[in-house]
Amino acid sequence: MANNTLFLETTAIIDHCFAAATGRIDRILEQHEKKLSAQYVRMEIKRGVLQYLVLLHNKLTTYTSYYEVMDSIYRLSATSSRNRLSSLLKAMAEFFKDVEKEKIDNLDEYLRREMASYTRILIRRLWNSLERLAEDLLNPMDCYLDIAPPRQAGAVLHNDGSQCNKSEIECKIKEFFEAHRKDFEAILKALQALPEPDPETKRRIKSLKEILRLLPYASRKFSNKEHNFKNCWSCGDAILAVLSPVKSTILTSNLKHYQPICNVIDRKVISYRE
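Next up, the structure:
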């Protein structure tokens, strides 16, 4: 595959939906002949930011005042749900950019109604972004083949099967690790050599160790149907990097975690962050 191939990992797909990053990402897309992503990215979106947007939508359609919505979001700041809080606040900031010049009579009702509508549109846009931005979705490990978008039931949305262990189809993630064992071993070694790994990297090191340890044994299972399926999630950045074509360029906002991985498996990585 040509060197002019761009692989869009999860943050690039998500941030393209938010206007602040769309233009910068589009300029990078125009510089590459082939654009790819992965079904694994869709899985990460479904169990992450999509789930948080569904939560926001349902608060807007079931709470009786905008104050209640804001208060419930504020209380997330006192928990460990920082990613959830960040996603909700980002969606709200984008919405307010569109309405800040409106002259509104019944402000409370308007905010809840219009922001719920905006959130539904954002969810659909995010779900369709993979096909719109990438020519092909790589999926050699049969990741979540029966994944489905959120569905609406009355006033609320349901993100059924937000985790891949709810899939009816068993994935082949162990076979993928076996086929690329040398790459994953090189990544583990590189991460272990980092002087001060952050908590996410420590979790990745632990999960890589556990996965690589079980590979030689046919009787030791590893898939979305096994108790250890979350080890796959901890290795997400490593999996996507290995999944991308050799000598391709990975587009991400997360250079901190991708750079040490890509350095040892012949991938280039770039960021759209200013």
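The opening residue of the sequence shown carries number 185 in this note's numbering; numbering runs sequentially from there.
Glycine included, every Cβ here is placed at the ideal spot set by N, Cα and C.
Residue pairing by DSSP places F361 in no beta bridge whatsoever. Under a 10 Å Cβ-count criterion, A196 is classified as buried, with 16 or more other Cβ atoms of the shown protein chains found around its own Cβ. A318 sits in coil when the DSSP states are folded into three classes, being neither helix nor strand. With respect to the 8 Å criterion, S407 and I357 are classified as neighbours on the basis of their beta carbons. Between the region 243–255 and the region 347–367, the count of Cβ pairs shorter than 8 Å is below three; the stretches do not touch. L192 is positioned such that its CB atom lies closer than 8 Å to that of A318. H200 is a Cβ neighbour of I209, given a cutoff of 8 Å. Collapsing the DSSP output to three states places S437 in coil.
DSSP, reduced to helix, strand and coil, places V430 outside both helices and strands of the structure shown, so it counts as coil.
In the structure shown, K218 adopts extended strand secondary structure according to DSSP, grouped into three states. As a beta-bridge residue in DSSP terms, T189 pairs with K218. Of the candidates H411, S221 and E380, the residue whose Cα lies closest to the Cα of I395 is H411.
S403 carries a coil assignment under DSSP once its states are collapsed to helix, strand and coil. With distances taken between CA atoms, N415 lies nearest to C348 out of N438, C348, L237 and K440. Closest option to H342, judged by alpha-carbon separation, among H241, N188, R451 and E278: H241. Annotation: D450 to T433 spans about 10 Å, alpha carbon to alpha carbon.
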